[in-house]
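Residue numbers (the numbering used here): 1 to 240.
Even for Gly, the Cβ is constructed at its ideal location relative to N, Cα and C.
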């Protein structure tokens, strides 16, 4: 037999009322919290005793320098102790023109002392009054035109003698080799160094052709021959 619930005793129908009561109670508590005031007492701290202040006097550490008194000289005693006694002048002054034994005679021979000549270190320069140039450009008076002539001679030697290494061509390696060398006081090329290279075979080929360059006239500074640096870019480019 199925039991039936009494509708008056069922709380399910009153859940809305409970919800409203809970909401009203919550809002009332929130409002009460905002309106709540607490009393407090502000305490002011004051020292019971006045602080003790004491003047501190810095002692004087400087001493007055006392100069010693100069001894008193008795002028009368000094005048009595100093007596001038005349002395007969017995010194003989030689008025002869005969030379002294210490003087230099006409027979004295002066021997010049040879000094060793110290060679100044040969330090290459980057810039000079007159640029190092090839002998084929020596008749050009203008400095800039002489430089262009020298670069043109260098390019001719590179284009004529430079060969692309077979391994580099096969691997399709290309790029620019930067070489620095020195044209010394005699016009010779020395101190060759590779600054940057894509591959060692390319730089070796550039150095090989560099040694074929024509003879140079050295650079000049203040009328004297000086060693000068040269920086040369050598381009290896594959034709497409």
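If you draw a straight line from the C-alpha of residue 163 to the C-alpha of residue 148, how long is it? For residue 163 and residue 148, the distance between alpha carbons rounds to 24 Å.
Can you list, in chain order, the residues of its chain whose CB lies under 6 Å from that of residue 215, leaving out five sequence neighbours each side? Cβ neighbours of residue 215 within its own chain (closer than 6 Å, five residues either side excluded): 135, 187.
My output table needs one value for residue 248: the three-state DSSP class, helix, strand or coil. The requested residue 248 is not part of the displayed model; the chain covers only 1 to 240.
Mapping the DSSP letters down to three states, classify residue 134 as helix, strand or coil. Residue 134 sits in a strand when the DSSP states are folded into three classes.
Touch check for the stretch 126-143 and the stretch 193-208: three-plus C-beta pairs under 8 Å? No: the two stretches stay apart, fewer than three of their Cβ pairs being nearer than 8 Å.
Is it buried or exposed, residue 227, if we count other Cβ atoms within 10 angstroms and call 16 or more buried? Buried is the call here.
Within 10 angstroms of its Cβ, does residue 13 collect 16 or more other Cβ (buried), or is it exposed? Flag for residue 13 reads exposed.
If you drop the 5 nearest sequence neighbours on each side, which residues of the same chain put their C-beta closer than 7 Å to that of residue 172? Excluding sequence positions up to five before and after residue 172, its CB lies within less than 7 Å of the CB of 238, all in the same chain and listed in chain order.
Count the other CB atoms, across all protein chains shown, that sit within 10 Å of the CB of residue 132; report buried if there are 16 or more and exposed otherwise. Buried: at least 16 other Cβ atoms inside 10 Å.
If we count the other Cβ atoms within 10 Å of its Cβ and call it buried at 16 or more, is residue 17 buried or exposed? Classification for residue 17: exposed.
Quick one: grab the DSSP three-state call for residue 29. In the three-state reduction of the DSSP assignment, residue 29 falls in the helix class.
Tell me, to the nearest whole angstrom, how far the beta carbon of residue 189 is from that of residue 181; I am working on the premise that it is less than 8 Å. The C-beta distance from residue 189 to residue 181 rounds to 5 Å, short enough to meet the 8 Å contact threshold.
On the criterion of 16 or more Cβ atoms from any shown chain inside 10 Å, does residue 235 qualify as buried, or is it exposed? With fewer than 16 other beta carbons inside 10 angstroms of its own, residue 235 counts as exposed.
With DSSP as the reference, label residue 171 as helix, strand or coil. Residue state, collapsed to three classes: coil.
Buried or exposed: where does residue 166 fall if 16 or more other Cβ atoms within 10 Å of its Cβ makes it buried? Around the Cβ of residue 166, a 10 Å sphere holds fewer than 16 other Cβ atoms; the residue is exposed.
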